[in-house]
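Numbering (the working numbering), first residue to last: 398 to 786.
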């Protein structure tokens with residue numbers, strides 16, 4: 398059985414359980430996931446699927462492809478003619494049809510009356526169903542696919558490892574060029590250029606390189622330096638970047654300091670890294686709850702004397718799941734009650750803020766295994782102070 402057959406079969410079982418007759422999905426992460434075609438181009442933006450209920454840019458577009466998955470029987474794709482080339486290897490039949498004739502062509506294929514709709518273009522698809530048959534009803538169904546996507550199979554884990562390895566490699570290349578005089582704009586462009594050279598198909602999100610200069614007036618603001626202010630002695634750099642490689646995303650962060658760092662800043666970064674590692678080591682599959690991850694990190698940072706400098710105390714927001722989308726459900730905060738299971742991959746991104754001195758963050762992609770957890774991102778955790786020639 399292929400990966401696509403397994404995924405579609407699992408979704409059909411969920412549809413049957415919910416007494417739904419089928420599901421429609423427009424081009425997006427769930428569409429590509431179910432077909433095992435992560436390489437297929439679809440719109441990716443920082444806003445896309447950032448949080449449930451938040452506006453999604455891709456949801457505003459009229460789709461060029463629709464995937465119909467009946468509760469039982471053969472699936473089918475309806476696409477505009479110019480999309481055929483992207484679907485040549487699709488594991489289900491493809492019908493090419495002009496957009497204005499989608500409803501007419503689909504009438505002979507949709508059976509039943511109750512349908513689930515993916516988030517992408519959901520309102521448009523609801524109207525389309527009514528055009529096909531006024532008696533059709535629809536309801537949101539993205540969560541049905543998200544429940545499958547949260548557990549990565551062996552192929553997905555392999556692709557996420559490759560994406561993480563590329564990100565580690567590029568981090569090393571960027572750090573080698575972090576010299577006084579370089580600006581945040583320069584660093585962000587470098588991240589883009591190196592990603593393309595490394596084979597990335599896209600950015601997982603807009604890359605961040607946040608400079609903060611100890612004692613400078615801008616250091617009183619979490620936003621740090623203006624984008625054109627050069628790096629100088631006494632400046633920290635906090636990274637947040639990721640790529641799309643073979644259709645799967647990375648998301649990663651490390652922090653550095655130009656020159657000799659103040660002792661409490663240097664020790665604070667050590668505490669942040671130590672707490673991240675302890676959380677990963679202490680995670681127990683089938684027992685550790687998502688809502689406890691922030692507390693696990695925060696407790697160790699506090700024990701080491703730096704708890705007051707951690708951010709996001711009220712909500713305990715520490716990260717998110719990751720896969721074919723960079724931000725996947727469920728999110729990581731103290732209000733999400735969900736036990737971590739083998740096959741889940743999440744990003745833990747604790748942050749620390751010393752007003753007037755330094756902002757720094759750590760972020761790793763963490764795989765939950767049968768026996769514990771491992772970090773897929775492996776970049777040097779001890780490197781912090783940058784040598785100045």
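Here a beta-carbon is modelled for each residue, glycine too, at the ideal position from N, C-alpha and C.
Since the structure is predicted, the reported quantities are computational estimates derived from the model, not experimental observations.
Shortest alpha-carbon distance to residue 568 belongs to which of 750, 635 and 671?
635
Taking C-alpha atoms, which residue in 476, 754 and 623 lies nearest to residue 495?
476
Let me check understanding here. Comparing Cα to Cα, which of 404, 462, 467 and 400 lies closest to residue 418?
For the residues 404, 462, 467 and 400, the minimum Cα distance to residue 418 belongs to 467.
State the DSSP-derived secondary structure class of residue 403, mapped to helix, strand or coil.
helix
If you check the beta carbons only, do residue 733 and residue 739 fall under 9 angstroms apart?
Cβ atoms of residue 733 and residue 739: not closer than 9 angstroms.
Quick one: Cα of residue 776 to Cα of residue 766, how far?
So the two alpha carbons sit approximately 20 angstroms from each other.
Could you compute how far the alpha carbon of residue 676 sits from the alpha carbon of residue 745?
Distance between the alpha carbons of residue 676 and residue 745 is about 10 angstroms.
Using the DSSP secondary-structure output, state which residues sit across from residue 610 in a beta bridge.
632
Only counting the same chain, and skipping five residues up and downstream in sequence, which positions put a Cβ closer than 7 angstroms to that of residue 532?
510
Decide if the segment 583–593 is in contact with the segment 609–623; the criterion is three or more beta carbon pairs, one per stretch, under 8 angstroms apart.
no
Would you kindly work out how many angstroms separate the C-alpha atoms of residue 748 and residue 707, rounded to a whole number?
6 angstroms
Quick one: using the 10 Å Cβ neighbour count with 16 as the cut-off for buried, is residue 536 buried or exposed?
exposed
Are there 16 or more other CB atoms within 10 angstroms of the CB of residue 479, so buried, or fewer, so exposed?
exposed
How should residue 679 be labelled, buried or exposed, when 16 other C-beta atoms within 10 angstroms of its C-beta is the threshold for buried?
exposed
Residue 762 bridges to which residues according to DSSP?
Residue 762 is bridged to 744.
So, is residue 446 buried or exposed, given that buried needs 16 or more other C-beta atoms within 10 angstroms?
Confidence at residue 446 is low in this model, with a pLDDT of 49, below 50, so the placement of that residue should be treated as unreliable; the coordinate-derived value is given next. Taking all protein chains shown into account, residue 446 has 16 or more neighbouring C-beta atoms within 10 Å of its C-beta and is therefore buried.
Please state whether DSSP places residue 701 in a helix, a strand or coil.
coil
Are residue 607 and residue 783 touching if we call contact CB-CB under 9 angstroms?
no
Taking C-alpha atoms, which residue in 619, 514, 499 and 638 lies nearest to residue 528?
499
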